Each structure stands twice: as structure tokens, then as C-alpha cells.
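Same order as they appear, the protein sequences are chains F and U.
Take any residue in the first sequence, note its place counting from 1, add 42, and you have its number in this note's numbering.
Take any residue in the second sequence, note its place counting from 1, add 1333, and you have its number in this note's numbering.
First up is the structure itself, then whatever we jot down about it.
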Amino acid sequence: DAKTTQPPSMDCAEGRAANLPCNHSTISGNEYVYWYRQIHSQGPQYIIHGLKNNETNEMASLIITEDRKSSTLILPHATLRDTAVYYCIVRVTNAGKSTFGDGTTLTVKP
Amino acid sequence: DTGVSQDPRHKITKRGQNVTFRCDPISEHNRLYWYRQTLGQGPEFLTYFQNEAQLEKSRLLSDRFSAERPKGSFSTLEIQRTEQGDSAMYLCASSLDRTGGGNQPQHFGDGTRLSIL
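Below, the structure is given as C-alpha cells:
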């Protein structure tokens, strides 16, 4: 699986959009981009995933660049409960394992 | 959807003892995964099952570790002769693998936190 690079930490004001970047410059054509988040003392929570096109669900939007070498997770109106570690991973179709990096610690401030 | 359930949530034991953890996946999910997570790090893959078959094991899974999924439903992870370095959060995840059906996310439980005294 390709490696990903994320900033170690970010801050965001409550009510504003949080934009979390991820670089995956060695991504292969059959690898999906997944985003998870982990709140203290809980397991990772699936947020969204995509292959080429931008995706949106009730939690977030995922923007993938045309060359697929980077992506951005957007939380449109961050709340204090969105404070968590956010992981970006890439994973081959129907692969077993997911390879997690150290993620981005997002702190949403009032 | 009751989610992935793990038991116990916390386990404290003395070095050298054996411990066993249980994971109950989401009911229709045919894949089950085990990960280990230490403080400040992302989860590290240990092993995964497709139904009852163990398809991949990480080099992290030493001879003291064994995982089973005897009937393709729940799974157990056993650690024999525990060591200080085994202290970690052990996470279980499950997913539904549909042949030709694209990529399905893994759904995680809240883990078992193991502390070795």
C-alpha cells in the first residue's frame, strides 16, 4: 500500500470548515483513498472513501486531485465534537490490511 | 447494525500470563481484522480472516500470538506469556467483501486495552 503524508496537527474555529490535506504521491490506479477519525478511547470511525471522483456524505466531503496524488477531507461546519485524530489511508481494492500513519490531530476551538 | 463488539474493554494482567480477547463483528460481515495500537501511533495491522480462513498475518504477530475465527463469526486473539511490550490497545474491525463489488470500508470496535504489570 502507498504511504500517506499528513500534517501532525491543525486547528479550526468552531462553525468554520476544516480542510485536512493528505499527500499520497505514490498511489496506484487500483488504490482507494479512505478517511477515518479516532476520538480518544474509541476505535477509528469510518468517514468516507473514493477512487477518482469527489465524494460527499452526511459527515464530510472528499476532494481528490485529478492526478490522484493528494486529497482533502472537508468538514463543512466543524463542531467541538469533531476534535479527533484524522487518518488518511490508501488501500488496494479488496485488500486485507489498512496501513495507518500517525494522522492529523484536529482541534476545533470555540 | 449493532457495530463491532469487543470484550473485555480493559484487561490488566501480570507479565507471563496468558490473555484472550473476543471480537464479534457486524453480523453479515465476512472479513474480520485485528490491529494493535500503542499510544500516539496509528493502528498496526496484525491479521485478517475471510470467513474462517486466516488469509494474512503481519510479522508483528509473533509465535506468542494466535487468532482464530472457528465458525466464521466471532474471533479470538490470544497472547501467551505476555510481555511488557504487549501493552497496547487491540482493535478489531470487520467488513463485507463482495466479489467484484468494489471496495468496502472496515468498521472498527472500541478495542481492548491491555496493561501488563
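Here a beta-carbon is modelled for each residue, glycine too, at the ideal position from N, C-alpha and C.
Treat the numbers as computed from the prediction; the structure is a model and nothing was measured.
Minimum C-alpha distance to Asp109 (chain F) - residue among F:Arg58, F:Ser70, F:Ser51
Translated into the one-based positions of the first sequence, residue 109 (chain F) becomes position 67. Nearest option by C-alpha distance: F:Ser70.
At a Cβ cut of 8 Å, what residues of the region 87-119 of chain F count as close to chain U, listed as they run along the chain?
Gln87, Tyr88, His91, Leu93
Inter-residue spacing [alpha-carbon to alpha-carbon] between Glu1401 (chain U) and Val134 (chain F)
Position 68 of the second sequence, counted from the start, is the residue given in the question as residue 1401 (chain U). Position 92 of the first sequence, counted from the start, is the residue given in the question as residue 134 (chain F). Distance between the alpha carbons of Glu1401 (chain U) and Val134 (chain F) is about 25 Å.
Between U:Gly1442, U:Phe1382, U:Gln1350, U:Ser1448, which lies nearest to Pro1376 (chain U) when the distance is taken from Cα to Cα?
One-based indexing of the second sequence puts residue 1376 (chain U) at position 43. Closest option to Pro1376 (chain U), Cα to Cα, is U:Gly1442.
Per-residue burial, Ala1426 (chain U) [other beta carbons within 10 Å of its own, 16 or more giving buried]:
Taking the second sequence and counting its residues from 1, one reaches residue 1426 (chain U) at position 93. Buried is the call here.
Are Phe1354 (chain U) and Thr1445 (chain U) touching if we call contact CB-CB under 9 Å?
To locate residue 1354 (chain U), count along the second sequence from 1; it is residue 21. To locate residue 1445 (chain U), count along the second sequence from 1; it is residue 112. Contact: yes.
Residues of chain F with a CB under 8 Å from the CB of Asp1443 (chain U): which are they?
Looking up residue 1443 (chain U) in the second sequence gives position 110. Ser83, Gln84, Gly85, listed in chain order.
Grab the span of the beta strand (DSSP E) containing His1343 (chain U) for me, first residue to last.
As a position in the second sequence, residue 1343 (chain U) is number 10, starting the count at 1. His1343 (chain U) -> beta strand (DSSP E) spans 1343-1346.
Identity of the residue in F:Pro50, F:Pro49, F:Gln48, F:Gly57 nearest Pro118 (chain F) by Cα
Start at 1 with the first residue of the first sequence, and residue 118 (chain F) comes out as number 76. Pro118 (chain F) has its Cα closest to that of F:Gly57, out of F:Pro50, F:Pro49, F:Gln48, F:Gly57.
Taking C-beta pairs closer than 7 Å, name the residues in chain U that Tyr74 (chain F) reaches, listed in chain order.
The residue given as residue 74 (chain F) occupies position 32 in the first sequence. The answer, in chain order, is Asn1436.
So, is the C-beta of His1362 (chain U) closer than 9 Å to a C-beta in chain F?
Counted from its first residue, the second sequence places residue 1362 (chain U) at position 29. No - not a single Cβ of chain F is within 9 Å of the one on His1362 (chain U).
Does the beta carbon of Thr141 (chain F) sit closer than 9 Å to a beta carbon anywhere in chain U?
Mapped onto the first sequence, residue 141 (chain F) falls at position 99. Interface residue, yes.
Gly85 (chain F) - DSSP class collapsed to helix/strand/coil:
For this step, residue 85 (chain F) is matched to residue 43 along the first sequence. Gly85 (chain F) falls in the coil class under three-state DSSP.
Helix, strand or coil at Asp1303 (chain U) according to DSSP, with G and I counted as helix
This structure does not reach residue 1303 (chain U), given that chain U is present from 1334 up to 1450, and the question cannot be answered.
Asp1357 (chain U) to Ser1428 (chain U) span [Cα, whole Å]
Position 24 of the second sequence holds residue 1357 (chain U). Position 95 of the second sequence holds residue 1428 (chain U). If you take the alpha carbons of Asp1357 (chain U) and Ser1428 (chain U), they lie about 12 Å apart.
Inspect the beta-carbon positions of Glu1385 (chain U) and Lys139 (chain F) and report whether they are closer than 9 Å.
The residue given as residue 1385 (chain U) occupies position 52 in the second sequence. The residue given as residue 139 (chain F) occupies position 97 in the first sequence. Not closer than 9 Å, so no.
In chain F, what lies closer than 8 Å to His1343 (chain U) by C-beta?
What you label residue 1343 (chain U) is simply residue 10 of the second sequence in a count that begins at 1. Correct list: empty, because the minimum Cβ distance to chain F is about 10 Å.
Assuming Asn1363 (chain U) and Gln1339 (chain U) make a contact with CB atoms under 8 Å, what is their CB distance in whole Å?
As a working note, residue 1363 (chain U) is residue 30 in the second sequence. As a working note, residue 1339 (chain U) is residue 6 in the second sequence. About 18 Å; that fails the 8 Å criterion.
Of the choices F:Ser67, F:Asn61, F:Ser51, whose alpha-carbon is the least far from that of Ser112 (chain F)?
The sequence position of residue 112 (chain F) within the first sequence is 70, counting from 1. That would be F:Ser67, whose Cα lies nearest to the Cα of Ser112 (chain F).
Under 9 Å between C-beta atoms, does Gly57 (chain F) make it to chain U?
Here residue 57 (chain F) refers to the residue found at position 15 of the first sequence. It does not: the Cβ of Gly57 (chain F) has no partner Cβ on chain U nearer than 9 Å.
In terms of residues, what are the limits of the beta strand (DSSP E) holding Ala55 (chain F)?
Here residue 55 (chain F) refers to the residue found at position 13 of the first sequence. Segment 51-55, the beta strand (DSSP E) holding Ala55 (chain F).
Taking 9 Å as the threshold (C-beta atoms), are Thr149 (chain F) and Cys54 (chain F) in contact?
As a working mapping, residue 54 (chain F) is identified with position 12 in the first sequence. As a working mapping, residue 149 (chain F) is identified with position 107 in the first sequence. The answer is yes: Cβ separation under 9 Å.
Kindly list the residues whose CB is nearer than 6 Å to the CB of Ser51 (chain F), restricted to its own chain and excluding five residues on each side of it in sequence; keep chain order.
By one-based count along the first sequence, residue 51 (chain F) stands at place 9. Only Thr147 meet the Cβ criterion.
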